[in-house]
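Colleague: Below you'll find the structure I mean.
Number of protein chains: 2
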Amino acid sequence: MPTKDQTLVTLREAHLGPMRFMNILSVFELGIVDLMRKQPNQRFTAEQLGAAVGATPDAIYQLLLLPVKDGLIALDERTGEYTLDGLAQLGDEDFARVLPWMNMIKVVCLRQLYYLTDSIRAGEVVGLQKLFGLTGTFYEATLGNDELRSAWGSMMDAVTEFIDPWFFDNVEVGAGQKVLDLAGNTGLGAILTYRHKGVENLQVTCFDFPEKEAEALANFEAAGLAGHCSFIGGDVFKGVPKGFDLVLIKHFLDMFDRDNVLKILRAVAGALEPGGQVYILVPIYPEDIRESSSVDFFPSYFLGCTMAQGGPQKVSTYSAWLEEAGFEVTRAVTQDHATMPADMVPVHGIICGTRKA
Amino acid sequence: MPTKDQTLVTLREAHLGPMRFMNILSVFELGIVDLMRKQPNQRFTAEQLGAAVGATPDAIYQLLLLPVKDGLIALDERTGEYTLDGLAQLGDEDFARVLPWMNMIKVVCLRQLYYLTDSIRAGEVVGLQKLFGLTGTFYEATLGNDELRSAWGSMMDAVTEFIDPWFFDNVEVGAGQKVLDLAGNTGLGAILTYRHKGVENLQVTCFDFPEKEAEALANFEAAGLAGHCSFIGGDVFKGVPKGFDLVLIKHFLDMFDRDNVLKILRAVAGALEPGGQVYILVPIYPEDIRESSSVDFFPSYFLGCTMAQGGPQKVSTYSAWLEEAGFEVTRAVTQDHATMPADMVPVHGIICGTRKA
Numbered sequence: 001m002p003t004k005d006q007t008l009v010t011l012r013e014a015h016l017g018p019m020r021f022m023n024i025l026s027v028f029e030l031g032i033v034d035l036m037r038k039q040p041n042q043r044f045t046a047e048q049l050g051a052a053v054g055a056t057p058d059a060i061y062q063l064l065l066l067p068v069k070d071g072l073i074a075l076d077e078r079t080g081e082y083t084l085d086g087l088a089q090l091g092d093e094d095f096a097r098v099l100p101w102m103n104m105i106k107v108v109c110l111r112q113l114y115y116l117t118d119s120i121r122a123g124e125v126v127g128l129q130k131l132f133g134l135t136g137t138f139y140e141a142t143l144g145n146d147e148l149r150s151a152w153g154s155m156m157d158a159v160t161e162f163i164d165p166w167f168f169d170n171v172e173v174g175a176g177q178k179v180l181d182l183a184g185n186t187g188l189g190a191i192l193t194y195r196h197k198g199v200e201n202l203q204v205t206c207f208d209f210p211e212k213e214a215e216a217l218a219n220f221e222a223a224g225l226a227g228h229c230s231f232i233g234g235d236v237f238k239g240v241p242k243g244f245d246l247v248l249i250k251h252f253l254d255m256f257d258r259d260n261v262l263k264i265l266r267a268v269a270g271a272l273e274p275g276g277q278v279y280i281l282v283p284i285y286p287e288d289i290r291e292s293s294s295v296d297f298f299p300s301y302f303l304g305c306t307m308a309q310g311g312p313q314k315v316s317t318y319s320a321w322l323e324e325a326g327f328e329v330t331r332a333v334t335q336d337h338a339t340m341p342a343d344m345v346p347v348h349g350i351i352c353g354t355r356k357a
Numbered sequence: 001m002p003t004k005d006q007t008l009v010t011l012r013e014a015h016l017g018p019m020r021f022m023n024i025l026s027v028f029e030l031g032i033v034d035l036m037r038k039q040p041n042q043r044f045t046a047e048q049l050g051a052a053v054g055a056t057p058d059a060i061y062q063l064l065l066l067p068v069k070d071g072l073i074a075l076d077e078r079t080g081e082y083t084l085d086g087l088a089q090l091g092d093e094d095f096a097r098v099l100p101w102m103n104m105i106k107v108v109c110l111r112q113l114y115y116l117t118d119s120i121r122a123g124e125v126v127g128l129q130k131l132f133g134l135t136g137t138f139y140e141a142t143l144g145n146d147e148l149r150s151a152w153g154s155m156m157d158a159v160t161e162f163i164d165p166w167f168f169d170n171v172e173v174g175a176g177q178k179v180l181d182l183a184g185n186t187g188l189g190a191i192l193t194y195r196h197k198g199v200e201n202l203q204v205t206c207f208d209f210p211e212k213e214a215e216a217l218a219n220f221e222a223a224g225l226a227g228h229c230s231f232i233g234g235d236v237f238k239g240v241p242k243g244f245d246l247v248l249i250k251h252f253l254d255m256f257d258r259d260n261v262l263k264i265l266r267a268v269a270g271a272l273e274p275g276g277q278v279y280i281l282v283p284i285y286p287e288d289i290r291e292s293s294s295v296d297f298f299p300s301y302f303l304g305c306t307m308a309q310g311g312p313q314k315v316s317t318y319s320a321w322l323e324e325a326g327f328e329v330t331r332a333v334t335q336d337h338a339t340m341p342a343d344m345v346p347v348h349g350i351i352c353g354t355r356k357a
């Protein structure tokens with residue numbers, strides 16, 4: 001058992017979290033990091049930085065205390081001049097990955113988190129209603145809110161760009177197979193499936209709400225794949241279309257609680273013939289959660305900011321649920337942490353099941 | 001220089017901060033900790049906890065992942081039952097200190113931090129206006145906002161209860177001296193001065209805005225100290241009353257940038273005779289900021305949530321400013337970290353100066 005002092009330090013670190021987050025992000029937002037990256041050999045006083053970014057030197061001094069302590073920015077105490085420290089080690093591709101995450105947390109989460117407890121009690125995302133007058137889940141509600149949608153979309157693009165190639169490397173598709181991309185939105189997953197798996201006579205169908213059909217068909221046309229990709233409109237909780245050999249469920253099951261996940265998996269099992277296959281791609285928790293940074297992020301993200309339910313599970317849990325729904329789990333792959341950038345929080349898993357006879 | 005991976009981990013930890021904070025706080029807000037503290041020998045499943053606090057077992061499972069990882073709550077993986085872990089080590093007095101801090105950060109800071117960069121650029125607390133329609137500094141604005149004032153007041157009570165006895169232990173007041181409590185609000189500091197320093201013929205005067213006079217006088221009356229405590233109305237930036245031997249400046253200078261601190265100190269020096277004394281009580285940063293938790297908290301608190309200026313300084317900085325304003329620094333005392341609860345962020349300093357001839 002941790003000591004009293006260790007426990008008090010844990011609580012202190014928790015309460016410092018929001019303060020640290022916006023302090024660090026504000027150093028980027030003000031343009032201080034950009035300025036220093038553009039002139040890497042220049043040394044800047046608080047006066048010079050303040051004049052350049054529209055802040056007082058006093059505010060610059062205060063705001064850079066934490067980045068200096070954290071080794072992001074260096075301060076020469078003798079001259080009062082700042083230069084990049086650890087941040088000098090990062091490249092454009094790192095900032096292009098880290099900053100959309102920080103901005104997403106600021107825009108989507110920071111204010112909504114205030115209502116986390118209310119959202120858990122109500123079973124709906126109270127912050128969406130209180131702050132933005134929106135109802136439904138985050139994904140439904142933000143179709144009409146540019147700020148939220150673009151902050152979330154930029155983060156998600158950074159994730160899928162990294163994850164999808166790895167997913168398709170691990171999916172086996174045979175010649176002539178019929179593939180269903182469940183909850184496939186406006187068809188991007190279907191297009192990627194075809195492109196990554198150039199097998200003969202491959203047919204990929206995107207299944208999602210009927211209102212997505214027009215955009216999906218336009219996307220297939222634009223990709224030159226109208227002959228290989230098609231769309232079926234429907235609602236996964238009301239029925240899954242039959243006649244497919246392989247069902248892909250990407251970035252979807254983690255949005256739901258156990259009962260809903262089982263409903264979806266059972267509907268998929270019911271639509272497949274024995275021997276038919278399902279691949280699920282989900283963020284997962286490691287079996288030993290003490291090794292995880294995901295448990296720091298996802299519970300308050302799903303419960304307070306997006307769905308008021310859901311969250312990743314361990315591979316062992318998803319596997320058990322697949323078995324319970326009528327599948328035999330044939331393969332489970334987890335992203336190798338060593339191949340991921342050190343800042344990345346979600347660790348994904350792919351679990352493959354075969355419909356039992 | 002930190003490595004690239006260390007730098008990316010620093011940024012990851014920063015962005016996880018708000019998520020962790022509300023996850024942990026919500027476990028308290030839902031009543032989970034109270035429930036477990038009341039029945040310390042009971043083991044609870046997610047179903048039982050959910051039923052007791054009005055949440056789904058799925059939400060309880062997700063929400064308790066982080067407290068389990070952090071050693072606050074224990075989970076028996078075999079039975080799925082939760083008990084207190086490190087939190088069992090804390091007593092009522094710990095929760096009475098920690099929870100007002102967490103609540104203050106939620107209520108005062110979490111939403112306002114969204115506007116930190118705007119506040120720094122504007123030189124005013126943009127969040128007060130955007131979120132609450134309030135103008136001025138936090139301390140002025142929240143006189144009319146119960147939620148903000150009470151969240152802040154509960155935290156401040158926990159701080160002053162801890163700090164003020166230590167401050168008065170370190171102040172030397174002679175018989176018959178006249179003491180001015182600068183920016184003394186509604187007289188509590190004057191009352192405490194008299195009570196802690198029962199020297200003969202002590203006269204303590206509270207100096208603050210005239211609109212505080214009636215409440216201050218009522219407080220003196222209620223404390224039975226109307227004969228020893230008095231009030232002078234005014235504005236420290238327009239002039240400091242003369243005729244005092246000793247001026248106390250408590251919890252005040254940290255609210256201002258350098259130029260304003262110097263204005264205040266020069267006004268105090270101008271009002272004192274040579275040999276007159278000033279004692280300042282302020283949160284301070286250690287000379288080596290890498291040892292500090294205060295730099296994690298105060299910059300975004302002052303710049304984004306309360307004043308849009310100010311913040312603690314090092315003792316060496318305050319000492320230099322006192323010298324610059326016409327004082328000789330005769331003594332500087334810093335709170336001993338070893339005597340403070342491990343969760344406490346502000347470290348206070350007392351700096352004593354004598355008006356130079």
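Chains as they are written, first to last, in the UniProt record's numbering: chain S, 1 to 357; chain F, 1 to 357.
Just so it is clear, CB atoms sit at the ideal spot from N, CA and C, and this is done for glycine as well.
In this text the structure is predicted, and so the values were computed from the model without any measurement.
#1: Quick check on DSSP: helix, strand or coil for Lys69 of chain F?
#2: Does the beta carbon of Ser316 of chain F come closer than 8 Å to any beta carbon on chain S?
#3: Is the beta carbon of Arg111 of chain S less than 8 Å from the beta carbon of Thr83 of chain S?
#4: Taking CB distances under 8 Å as the criterion, tell me whether Lys356 of chain S reaches chain F.
#5: Do Asp164 of chain S and Arg258 of chain F have their beta-carbon atoms positioned less than 8 Å apart in this structure?
#6: Would you say Ala216 of chain S faces chain F, with C-beta separation under 8 Å as the test?
#7: If we ignore side chains and look at the alpha-carbon of each, how far apart do Ala357 of chain F and Met255 of chain F end up?
#8: Determine the DSSP secondary structure at Thr306 of chain S, reduced to helix, strand or coil.
#9: Can you name, in chain order, every residue of its own chain whose Cβ lies under 6 Å from the Cβ of Arg266 of chain F, other than the five neighbours on each side?
#10: Out of F:Leu66, F:Ile289 and F:Val240, state which residue places its alpha-carbon closest to the alpha-carbon of Ile264 of chain F.
#11: Can you give me the C-alpha to C-alpha distance between Gly310 of chain S and Thr354 of chain S, rounded to a whole angstrom?
#12: Given a cut-off of 8 Å on the beta-carbon distance, is the pair Gly243 of chain F and Thr10 of chain S in contact?
#13: Check the DSSP bridge columns for Thr354 of chain F and list the partner residues they point to.
#14: Counting only the same chain and skipping the five closest in sequence on each side, list residues whose C-beta sits under 8 Å from that of Glu215 of chain F.
#15: For Cys352 of chain S and chain F, any beta-carbon pair shorter than 8 Å?
#16: Taking 8 Å as the cut-off, decide whether the C-beta atoms of Ile284 of chain F and Val347 of chain F are in contact.
#17: Quick one: what's got a C-beta closer than 6 Å to Leu128 of chain F's C-beta in the same chain, skipping five residues either side?
#18: Pull up the DSSP beta-bridge partners for Thr83 of chain F, would you.
#19: From the DSSP secondary-structure annotation, give me the bridge partner or partners of Asp181 of chain S.
#20: Please classify Gln39 of chain S: does DSSP put it in a helix, a strand, or coil?
#21: When the Cβ atoms of the segment 106-124 of chain F are set against those of the segment 169-178 of chain F, are three or more pairs found closer than 8 Å?
#22: Would His348 of chain S pass as an interface residue toward chain F - the criterion being a Cβ-Cβ separation below 8 Å?
#23: Helix, strand or coil: which one does DSSP assign to Thr117 of chain S?
#24: The segment 324-342 of chain S: which residues have C-beta closer than 8 Å to a C-beta of chain F, in chain order?
#25: Please identify, using Cβ separations under 8 Å, the residues of the segment 112-130 of chain S that lie next to chain F, in order along the chain.
#26: By how many angstroms is the C-alpha of Val159 of chain F removed from the C-alpha of Pro341 of chain F?
#27: Counting only Cβ-Cβ distances shorter than 7 Å, please list the residues of the segment 69-87 of chain F near chain S, keeping chain order.
#28: So with CB distances below 9 Å, who are the chain S contacts of Asp34 of chain F?
#29: Taking 8 Å as the CB-CB limit, is Met155 of chain F close to chain S?
#30: Kindly list, in the order they appear in chain F, the residues whose Cβ is closer than 8 Å to that of Ile289 of chain S.
#31: Keeping to the same chain, check which residues put their C-beta closer than 6 Å to that of Pro286 of chain F; ignore five residues upstream and five downstream.
#32: How long is the line joining the alpha carbons of Ala205 of chain F and Tyr139 of chain S, rounded to whole angstroms?
#33: Using a Cβ-Cβ cut-off of 8 Å, state whether Trp152 of chain F counts as contacting chain S.
#34: Just checking my contact of residue 359 of chain S with Lys130 of chain F at CB under 8 Å: how many whole Å lie between their CB atoms?
#35: When you compare only the Cα positions, how much space is there between Thr137 of chain F and Leu253 of chain F?
#36: The alpha helix (DSSP H) that contains Phe298 of chain F, what's its start and end?
Modeller: Once the coordinates are examined:
#1: In the second sequence, counting from the first residue as 1, residue 69 of chain F sits at position 69. The answer is helix: DSSP assigns Lys69 of chain F an H, G or I state.
#2: Walking along the second sequence from the start, residue 316 of chain F turns up at place 316. Not one chain S Cβ lies under 8 Å of Ser316 of chain F.
#3: On the first sequence, position 111 is the one that residue 111 of chain S refers to. On the first sequence, position 83 is the one that residue 83 of chain S refers to. Annotated as distal: Arg111 of chain S and Thr83 of chain S, with beta-carbon spacing of 8 Å or more.
#4: Here residue 356 of chain S refers to the residue found at position 356 of the first sequence. Judged by the 8 Å Cβ criterion, Lys356 of chain S is not in contact with chain F.
#5: Along the second sequence, read from residue 1 onward, the residue named residue 258 of chain F stands at position 258. Along the first sequence, read from residue 1 onward, the residue named residue 164 of chain S stands at position 164. Not in contact: Arg258 of chain F and Asp164 of chain S (Cβ atoms no closer than 8 Å).
#6: Position 216 of the first sequence, counted from the start, is the residue given in the question as residue 216 of chain S. Closer than 8 Å to the CB of Ala216 of chain S there is not a single CB belonging to chain F.
#7: As a position in the second sequence, residue 357 of chain F is number 357, starting the count at 1. As a position in the second sequence, residue 255 of chain F is number 255, starting the count at 1. Going by the C-alpha atoms only, they are around 29 Å apart.
#8: As a working mapping, residue 306 of chain S is identified with position 306 in the first sequence. If DSSP states are grouped into helix, strand and coil, Thr306 of chain S belongs with the helices.
#9: The count along the second sequence starts at 1 and reaches residue 266 of chain F at position 266. The residues are Ala325.
#10: Locating residue 264 of chain F in the second sequence gives position 264, counting from the first residue. The option with the nearest alpha carbon to Ile264 of chain F is F:Val240.
#11: Position 310 of the first sequence holds residue 310 of chain S. Position 354 of the first sequence holds residue 354 of chain S. In a straight line, the C-alpha of Gly310 of chain S is about 24 Å away from that of Thr354 of chain S.
#12: Sequence index remark: in the second sequence, residue 243 of chain F carries index 243 (1-based). Sequence index remark: in the first sequence, residue 10 of chain S carries index 10 (1-based). Taking C-beta atoms as the reference points, Gly243 of chain F and Thr10 of chain S fail to come closer than 8 Å.
#13: Residue 354 of chain F sits at position 354 when you count from the first residue of the second sequence. Thr354 of chain F is bridged to F:Gln277 and F:Glu328.
#14: Working through the second sequence from its first residue, we reach residue 215 of chain F at position 215. Excluding sequence neighbours, Glu215 of chain F sits near Thr186 and Gly187.
#15: Along the first sequence, read from residue 1 onward, the residue named residue 352 of chain S stands at position 352. Residue contact with chain F for Cys352 of chain S: absent (no Cβ-Cβ distance below 8 Å to any residue of chain F).
#16: The residue labelled residue 284 of chain F in the question sits at position 284 within the second sequence. The residue labelled residue 347 of chain F in the question sits at position 347 within the second sequence. Against a cut-off of 8 Å, the Cβ pair of Val347 of chain F and Ile284 of chain F comes out as a contact.
#17: Working through the second sequence from its first residue, we reach residue 128 of chain F at position 128. Its chain contains Leu134 and Ala141 as the residues whose beta carbon lies nearer than 6 Å to that of Leu128 of chain F, once the 5 sequence neighbours on both sides are disregarded; these appear in chain order.
#18: The count along the second sequence starts at 1 and reaches residue 83 of chain F at position 83. In DSSP, Thr83 of chain F forms a bridge with F:Ala74.
#19: Counted from its first residue, the first sequence places residue 181 of chain S at position 181. Its beta-bridge partners are S:Cys206 and S:Leu248.
#20: Translated into positions along the first sequence, residue 39 of chain S becomes position 39. In the displayed model, Gln39 of chain S falls within coil according to three-state DSSP, outside both helix and strand.
#21: Not touching, per the Cβ criterion.
#22: On the first sequence, residue 348 of chain S is found 348 positions in, with the first residue counted as 1. Closer than 8 Å: no.
#23: As a working note, residue 117 of chain S is residue 117 in the first sequence. Thr117 of chain S: helix per DSSP, three-state reduction.
#24: Those would be Pro341 and Ala342, in chain order.
#25: So the close ones are Leu113, Tyr114, Leu116, Thr117, Ile120, Arg121 and Gly123.
#26: As a first step, residue 341 of chain F is located in the second sequence; it is residue number 341 there, counting from the start. As a first step, residue 159 of chain F is located in the second sequence; it is residue number 159 there, counting from the start. If I take the Cα positions, the gap works out to 11 Å.
#27: Of all residues in the segment 69-87 of chain F, only Lys69, Asp70, Gly71, Leu72, Asp85, Gly86 and Leu87 place a beta-carbon less than 7 Å from a beta-carbon of chain S.
#28: Stepping through the second sequence from its first residue, residue 34 of chain F is reached at position 34. Per Cβ cutoff of 9 Å: no residues; Asp34 of chain F is ~13 Å from chain S at best.
#29: Start at 1 with the first residue of the second sequence, and residue 155 of chain F comes out as number 155. No, no contact with chain S.
#30: Here the question's residue 289 of chain S lines up with position 289 in the first sequence. In chain order: Leu65, Val68 and Lys69.
#31: As a working note, residue 286 of chain F is residue 286 in the second sequence. Excluding sequence neighbours, Pro286 of chain F sits near Ser292.
#32: Start at 1 with the first residue of the second sequence, and residue 205 of chain F comes out as number 205. Start at 1 with the first residue of the first sequence, and residue 139 of chain S comes out as number 139. Reading off the sequence shown, one finds Thr at residue 205 of chain F, where the question assumed Ala. Between Thr205 of chain F and Tyr139 of chain S, the C-alpha separation is close to 60 Å.
#33: Translated into the one-based positions of the second sequence, residue 152 of chain F becomes position 152. With a threshold of 8 Å between beta carbons, Trp152 of chain F makes no contact with chain S.
#34: In the structure displayed, chain S extends from 1 to 357; residue 359 of chain S sits before or after that span and is not available.
#35: Position 137 of the second sequence, counted from the start, is the residue given in the question as residue 137 of chain F. Position 253 of the second sequence, counted from the start, is the residue given in the question as residue 253 of chain F. Inter-residue distance for Thr137 of chain F and Leu253 of chain F is about 15 Å (C-alpha atoms, whole angstroms).
#36: Numbered from its first residue, the second sequence carries residue 298 of chain F at position 298. Bounds of the alpha helix (DSSP H) holding Phe298 of chain F are Ser294 to Ser300.
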